[in-house]
Every structure is written in C-alpha cells, then in structure tokens.
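Read the structure below first, then the notes.
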Amino acid sequence: METSSQVFRATSFHPVTNASTECKPQVLPHVIPILLSILFLAGLVLNSTSLWIFWFHIKQWNSSVILQFNLVLTDALLIPIVPLIVAYFSMGNSWPFGQFLCQLKIFILSTHLYGSIYFLTLISIHRYLAVVHYSSRTLWKKKSFLKKLSLFVWFLLSIQGLPLFIVLKTSSINGSVKCMSIHQSEFASLYLYYNIFLVTVNFLLPFGISFTCYALLGATIAKMNSTSLRGRVMKTKSLQMIMVSLAIFVICFVPLHVSRTIGVIVKYYNLSCERLHQVEIVYYASWLFTMVNCCLNPLIYNFTKMLSILGARSSAVPELCSTQFGGSKRGSKGASPLQGWGMIAAHGETSKLGLI
Numbered sequence: 281m282e283t284s285s286q287v288f289r290a291t292s293f294h295p296v297t298n299a300s301t302e303c304k305p306q307v308l309p310h311v312i313p314i315l316l317s318i319l320f321l322a323g324l325v326l327n328s329t330s331l332w333i334f335w336f337h338i339k340q341w342n343s344s345v346i347l348q349f350n351l352v353l354t355d356a357l358l359i360p361i362v363p364l365i366v367a368y369f370s371m372g373n374s375w376p377f378g379q380f381l382c383q384l385k386i387f388i389l390s391t392h393l394y395g396s397i398y399f400l401t402l403i404s405i406h407r408y409l410a411v412v413h414y415s416s417r418t419l420w421k422k423k424s425f426l427k428k429l430s431l432f433v434w435f436l437l438s439i440q441g442l443p444l445f446i447v448l449k450t451s452s453i454n455g456s457v458k459c460m461s462i463h464q465s466e467f468a469s470l471y472l473y474y475n476i477f478l479v480t481v482n483f484l485l486p487f488g489i490s491f492t493c494y495a496l497l498g499a500t501i502a503k504m505n506s507t508s509l510r511g512r513v514m515k516t517k518s519l520q521m522i523m524v525s526l527a528i529f530v531i532c533f534v535p536l537h538v539s540r541t542i543g544v545i546v547k548y549y550n551l552s553c554e555r556l557h558q559v560e561i562v563y564y565a566s567w568l569f570t571m572v573n574c575c576l577n578p579l580i581y582n583f584t585k586m587l588s589i590l591g592a593r594s595s596a597v598p599e600l601c602s603t604q605f606g607g608s609k610r611g612s613k614g615a616s617p618l619q620g621w622g623m624i625a626a627h628g629e630t631s632k633l634g635l636i
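Quick note, the sequence shown lines up with residues 281 to 636 if you use the working numbering.
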C-alpha cells in the first residue's frame, strides 16, 4: 500500500500539501558563489568599458548603436546585486539584507534576464532587415523609432517584474530567511503559473523570432557570390557569427528556463525531495550561464567597435559611424543589401549588423 501511495503521489495532478513531505533546504556547493564572484568582476570590467565607449567615444548614434546600448544597460543592471547574491549563497542561503532588497533583487533579476532576451531579439530582427530587406525608408533605420521601441521594452519589463516585486517576499524556513527560494511553499502555485507565462512569452517566442531571423539571414548570406578573398572571408565570418549568436542564446538561457520549469513542477506536486535538491543545484548553477551572457555580450557585440574606436583618431569616428546602417553614406536610394554589408565590413564594423 505504501508503494502504491507513493506512485499515486508522484503521478497526481494536484499539489501535495502534507507538511511531512516538505523538503529542507540544503547548502549549495561553494563553487557556485566563487564562480559568481569571478563572473561579477569580469562583467563589471567589460560592461563598464562598454558604457564608457558608448557614452564618451561614440558621438553619432545610429539605430544599431541604440539597440546595443540598451543591451549593455540590461547587463549592467545586474552588476550591483550580484554581491548580494554571492553573500546569500556564501551564508548558507540565509538572506540578511531585509525584505525590500530581496524584492528589489527579484525585480532586477527579472528585468535583466528578459531585457537581455528582448534586446537580443530586436538586434536579430534589425540585422535581418538590414541585409535581407534593406531599405532606406525602413522604420528600423530611424533613431526616433528605435528610441521609442526601446522605451516601450523597458516599460514592458517594469510591468512584468512588478508582480514579482510586490508578491514575492522573504520567508523563514527552519530558522533561516529565504529570498526567492524554491522551498517557499506559499509561492508554489505562483511560481508554476507565472513560470509558464514567462517561458512561453518571454523566452520561446523571442527565441523563435531570433532563430527565424538568423536562419533567413544565414540563407541569404550563403547564396551570396563572393569572388574576392575578402568577400569569402567576410561571408565565412558572417555565418560563424550567426551560429555564435544563436549558441549564446541557447547556452545562456535554455538551462535556466528548463531547470526552473522542472523545479517548480517538482515543488508544486511535491514529487521527491531528492529530485528537488538536484534541480535546485542545477537551477542556481544555470544562473552562472546567464552571468556568462553579461560577459559575452560586450565581447561579441561591442569588442570590434571598442578596438576600432580606441585604435582610431577622433577624426575617424564620425566616418566609421556614418557607414553603419542608418548612416548617411548608406542612405543612397540605389544601395543594395550586399553593398551595405560590404561597406560595414570594409570599415571593420563587423560586430554591428550582419557580421554581427
């Protein structure tokens, strides 16, 4: 009878609320806060450098720069709260910073995560339109449109993070204060249903859009006839960077959403304490991959720009900026996507649009 009861409990479609089946929180491996600290330092240096470049060295902003700047902002947003998370993990998952900072941490984590996904998706759309459907009249070339679109994205991020900020609070479990812990049973239902919404709308949909844009972009580039050596090199690097962009999306965001979904299901149905502990470790470790995204974004999207700006004289900066998508030198009516692509590559700006 005991075995059949366990089977029923594991396959039931209703959550188990028996207090005897509650799982006790466990201390995470020390390697997680150590790695978080290393990624924090790397992200601090890289994103600070990116912001410095954007703010002080790019005098003429175009549509691609606007999107990349907002991407850097979403990454930089995470930096101030990482030390709090490291301290939380180092102190045996005990939150000593009070309820408000816990709620603020949850809000910032949500804003950072889905802000990165949103702006990476917008960058993929921008690249696709810049090459496959290039037109001097497109809205995606206009700085005013991209500014309004970016503000709208930030508005959406605030709206979707507000319920988490209001509802999710600290809880005392076994004498230890928890902040956004899977062991907070009072939030099991909220975690489950809100996670379904976040995964569907904020991850699967943007990923599908990005994958489609990059697939079509890659197909277009693959069909281009490149007779010169530089053209063939440009084509190869373009396809490689498309694969890198998709790989970053998968590596940095898939583990988090998969492990979190499994975790909230296991907690909601109270399937197994051992399973919950395993998923808990994987979930917190998956945040390491998300932190890696904060370090990779400046390198992948801005590193070429940094080198070109730091290595050039100030008089060359307007010329570089004007050759990008949205600049006056590409605004001629008869310009073709391939011509615009080649002009970007010729000036070393391969990280901004197609060469990505």
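A virtual CB, placed ideally from N, CA and C, is assigned to each residue, including glycine.
Sequence-distant residues of its chain with Cβ nearer than 7 Å to F529 (five each side left out)
Excluding positions up to five away in sequence, the list reads L400, F487, S490.
Tell me which residues share the same chain as S370 and place their Cβ nearer than 8 Å to its Cβ, disregarding the 5 neighbours each side in the sequence.
So the qualifying residues of the chain are H310, P313.
Reference C303; option with closest CA among V546, G441, M523, L381:
V546
Entirely within the segment 456–544 and at least 3 residues each: give me those beta strand (DSSP E) ranges in chain order.
456–458
Quick check: the Cα distance between A322 and I386, rounded to an integer number of angstroms?
22 Å
By how many angstroms is the C-alpha of T507 removed from the C-alpha of L426?
35 Å
F477 vs L448 beta-carbon contact at 8 Å:
no
Which first and last residues belong to the alpha helix (DSSP H) in which S317 is found?
311–337
Report the option in V366, Q379, N550 whose CA atom is closest to the CA atom of F445.
In terms of Cα proximity to F445, the closest of V366, Q379, N550 is Q379.
In the DSSP output, which residue or residues are listed as bridge partners for H453?
It is worth fixing the name first, because residue 453 is Ile in this sequence and not His. S456.
Does H557 come out as helix, strand or coil in the three-state DSSP assignment?
helix
With respect to the alpha helix (DSSP H) encompassing T391, which residues constitute its N-terminal and C-terminal limits?
378–411
Cβ contact (3+ pairs, closer than 8 Å) linking the segment 325–336 and the segment 347–357
yes
Could you name the residues of the same chain whose beta carbon sits closer than 7 Å to that of T500, not counting the 5 residues immediately before and after it, in chain order?
V411, V412
What do you reckon, are the CB atoms on N475 and T541 nearer than 8 Å?
yes
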